[in-house]
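Data block below; observations after.
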Amino acid sequence: MSVMQHSFWQFSITYYAKPEVADACLRLQNRYGCSVNMVLWCLWLGQNGLRLEPATLGKILAKLALWHELLADFRAVRQKLKSHPFVSLEQYQQIKQLELQLEKNEQDALFHCSAVLPKAMAAKVLAKANLRVYAERLSIPTDNQDLELLLSALG
1 MSVMQHSFWQ
11 FSITYYAKPE
21 VADACLRLQN
31 RYGCSVNMVL
41 WCLWLGQNGL
51 RLEPATLGKI
61 LAKLALWHEL
71 LADFRAVRQK
81 LKSHPFVSLE
91 QYQQIKQLEL
101 QLEKNEQDAL
111 FHCSAVLPKA
121 MAAKVLAKAN
131 LRVYAERLSI
141 PTDNQDLELL
151 LSALG
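This is the structure in structure tokens:
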């Protein structure tokens, strides 16, 4: 199944477009090194009744560590090139599109990882629990306003 066909990608597009969600995700990325895709995945898992355990998260993060590092490095390069005088707007947009394709590839990998997760309880409860597992891994304070905003945006 291609990334464009699976429900995780569709959830991400819809959810990320909600008011303040993108800003909250980017603040978590910039302050704590969060992967926006991991944040979205934790929430999507919960919405689909899937529970993420800390041990499973550790295995998945280890499996995707090189991917996260490459994306972070690519993002840093793109951000530096944004204001570079020798990079045209068209070239910058091409670089941005390549980054989006890398993000889609990461989402595809995460979608396939979800097949091993157990079904559990109510969606909203699970989304919060899954996000907390990831936030604790990154030492994000439990009362972080961006986390609360992301959870309230689920509806």
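The sequence shown begins at 1 in the working numbering and counts up by one. In this text, a Cβ means the ideal position worked out from N, Cα and C, and glycines have one as well. Everything numeric in this text was worked out from a predicted model, so none of it was measured.
Next on the checklist: Just verifying my parser: in three-state terms, what is the DSSP assignment at Leu57?
Outcome noted: As a working mapping, residue 57 is identified with position 57 in the sequence shown. If DSSP states are grouped into helix, strand and coil, Leu57 belongs with the helices.
Checklist entry - Where do the ends of the alpha helix (DSSP H) carrying Asn156 lie? => result With the chain running from 1 to 155 in the structure shown, residue 156 is simply not present.
Next on the checklist: Looking at the secondary structure, which residues open and close the alpha helix (DSSP H) in which Val77 lies?
Outcome noted: Residue numbering aside, residue 77 sits at position 77 when the sequence shown is read from its first letter. Segment 65-81, the alpha helix (DSSP H) holding Val77.
Next on the checklist: I need the boundaries of the alpha helix (DSSP H) containing Asn48, first residue and last residue.
Outcome noted: On the sequence shown, position 48 is the one that residue 48 refers to. Where Asn48 is concerned, there is no enclosing alpha helix (DSSP H), given that its DSSP letter is neither H nor E.
Checklist entry - Does the count of Cβ pairs from the region 131-146 and the region 78-86 closer than 8 Å reach three? => result no
Checklist entry - Just the Cα atoms here: how many angstroms apart are Ala127 and Leu28? => result As a first step, residue 127 is located in the sequence shown; it is residue number 127 there, counting from the start. As a first step, residue 28 is located in the sequence shown; it is residue number 28 there, counting from the start. Going from the Cα of Ala127 to the Cα of Leu28 covers about 17 Å.
Checklist entry - Thinking C-beta only, is Trp44 closer than 7 Å to Phe11? => result Looking up residue 11 in the sequence shown gives position 11. Looking up residue 44 in the sequence shown gives position 44. Yes. Within cutoff.
Checklist entry - Around the Cβ of Glu20, are there at least 16 other Cβ atoms within 10 angstroms (buried) or fewer (exposed)? => result Looking up residue 20 in the sequence shown gives position 20. Flag for Glu20 reads exposed.
Next on the checklist: Quick check: the Cα distance between Ile60 and Ala129, rounded to an integer number of angstroms?
Outcome noted: For the purposes of this step, residue 60 is taken as residue 60 along the sequence shown, with counting starting at 1. For the purposes of this step, residue 129 is taken as residue 129 along the sequence shown, with counting starting at 1. Near 17 Å, if we compare the C-alpha coordinates of Ala129 and Ile60.
Item to check | Residue burial classification, Ala135 (beta-carbon count within 10 angstroms, cutoff 16) | outcome: Against the sequence shown, residue 135 aligns to sequence position 135. Buried, because 16 or more other Cβ atoms sit within 10 Å of the Cβ of Ala135.
Item to check | Distance between Pro85 and Ala65 (C-alpha atoms, nearest Å) | outcome: Working through the sequence shown from its first residue, we reach residue 65 at position 65. Working through the sequence shown from its first residue, we reach residue 85 at position 85. Rounded to the nearest angstrom, the two C-alpha atoms are 33 Å apart.
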